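Each residue of the sequence shown is one higher than the last, beginning at 1 in the UniProt record's numbering. Note that beta-carbon positions come from the ideal geometry of N, C-alpha and C, so glycine has one too. Here the structure is a predicted model, which means the values were calculated and not measured. Here is the structure we will look at, set down as structure tokens.
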Amino acid sequence: MDKQQVLEHVLETKLVAVIRGHRPDTIGRVVEALADGGVTTMEITADSPDAAGMVREAVERVGDRAVVGAGTVLDGAQADAMVDAGAQFIFSPDTWEETIKTAVSRGVVSIPGAITPTEITTALRAGADIIKVFPADQVGTSFFKAMQGPLPHVKLMPTGGVRLSNMTEFLDAGACAVGLGTSLIRGADKDDPETIRQEAARYRQAVDDWMKAGEIK
Numbered sequence: 001m002d003k004q005q006v007l008e009h010v011l012e013t014k015l016v017a018v019i020r021g022h023r024p025d026t027i028g029r030v031v032e033a034l035a036d037g038g039v040t041t042m043e044i045t046a047d048s049p050d051a052a053g054m055v056r057e058a059v060e061r062v063g064d065r066a067v068v069g070a071g072t073v074l075d076g077a078q079a080d081a082m083v084d085a086g087a088q089f090i091f092s093p094d095t096w097e098e099t100i101k102t103a104v105s106r107g108v109v110s111i112p113g114a115i116t117p118t119e120i121t122t123a124l125r126a127g128a129d130i131i132k133v134f135p136a137d138q139v140g141t142s143f144f145k146a147m148q149g150p151l152p153h154v155k156l157m158p159t160g161g162v163r164l165s166n167m168t169e170f171l172d173a174g175a176c177a178v179g180l181g182t183s184l185i186r187g188a189d190k191d192d193p194e195t196i197r198q199e200a201a202r203y204r205q206a207v208d209d210w211m212k213a214g215e216i217k
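So, in structure tokens, the structure goes:
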């Protein structure tokens with residue numbers, strides 16, 4: 001996929017699995033379980049052991065049916081390393097322009113973290129495609145509704161505290177997609193791919209139902 005196709009995939013499928021701190025020897029089973037359950041956008045955080053190796057492994061395992069990227073990327077050099085490993089998008093926790101511009105120059109989707117209008121517009125001017133809002137449960141859905149006023153064109157993705165019970169509330173409030181961590185990948189630490197697959201399927205079904213309800217309206 002090219003950059004535009006990756007961006008469209010994220011926006012259309014709505015779910016991004018955040019894979020943090022898991023083991024290189026189990027990452028293949030984790031990403032396959034996620035894809036089998038219908039969650040086909042996956043972020044492997046750069047603070048995980050051998051993150052670049054895990055990105056490569058994930059791409060080899062599910063690259064034909066999923067989009068794989070890197071998260072918690074702190075600078076341009078780290079972004080370059082993740083893209084070299086096959087990352088198709090770069091999540092960063094802040095609006096450090098070097099990280100954003102490296103992603104832009106490498107032709108991958110940039111998703112930096114921001115939480116104020118100033119941070120958001122700074123990231124957009126640097127070339128960001130989507131803005132990650134973390135921790136989303138601290139600002140709540142009212143933040144996303146409020147941002148529709150001054151910044152209706154901005155694509156906002158909540159991460160942190162998003163669960164099955166509140167996920168569609170964020171989507172209703174204007175979120176373009178959601179980031180899911182331990183609420184989704186409960187079985188990764190004990191290498192339980194079937195639990196991961198089942199949880200992924202529950203989230204996938206919930207989003208599909210939400211989308212169908214919107215079509216009916």
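query, result
"Does the stretch 170 to 183 come within contact of the stretch 142 to 161, defined as at least 3 CB pairs closer than 8 Å?", "yes"
"Can you tell which of D209, G181, K212 and D208 has its C-alpha closest to the C-alpha of I44?", "G181"
"Less than 7 Å separating the Cβ of T195 from some heavy atom of the ligand ZN?", "Annotation note on the ligand ZN: not contained in the displayed structure, which lists no ligands."
"Considering A70, what are the terminal residues of the beta strand (DSSP E) in which it resides?", "V67 to G71"
"For the beta strand (DSSP E) containing G37, name the first residue and the last one.", "G37 -> not in any beta strand (DSSP E); alpha helix (DSSP H) instead, spanning I27 to G37."
"Can you say whether E199 is buried or exposed, counting buried as having 16 or more other CB atoms within 10 angstroms of its CB?", "buried"
"List the endpoints of the continuous alpha helix (DSSP H) containing K101.", "E97 to R106"
"Among the residues of its own chain, which have a CB less than 6 Å from the CB of M167, if the five just before and after it don't count?", "V178"
"Helix, strand or coil for residue 233 per DSSP?", "Residue 233 lies beyond the residue range present for the chain, which begins at 1 and ends at 217; the question has no answer from this structure."
"Would DSSP call S110 helix, strand or coil?", "strand"
"So the candidates are A46, G21, P112 and L151; which of them puts its Cα closest to the Cα of A85?", "A46"
"Does E12 pass the burial test, meaning 16 or more other C-beta atoms within 10 Å, or should it be called exposed?", "exposed"
"Among L184, I115 and L124, whose alpha-carbon lies nearest the alpha-carbon of A146?", "I115"
"Nearest-angstrom Cα distance between K212 and D2?", "28 Å"
"Using 8 Å for Cβ pairs, my map puts R197 next to D36. What's the rounded Cβ distance?", "5 Å"
"Determine, using beta-carbon pairs with one atom in the stretch 51 to 58 and one in the stretch 90 to 107, whether at least three such pairs fall under 8 Å.", "no"
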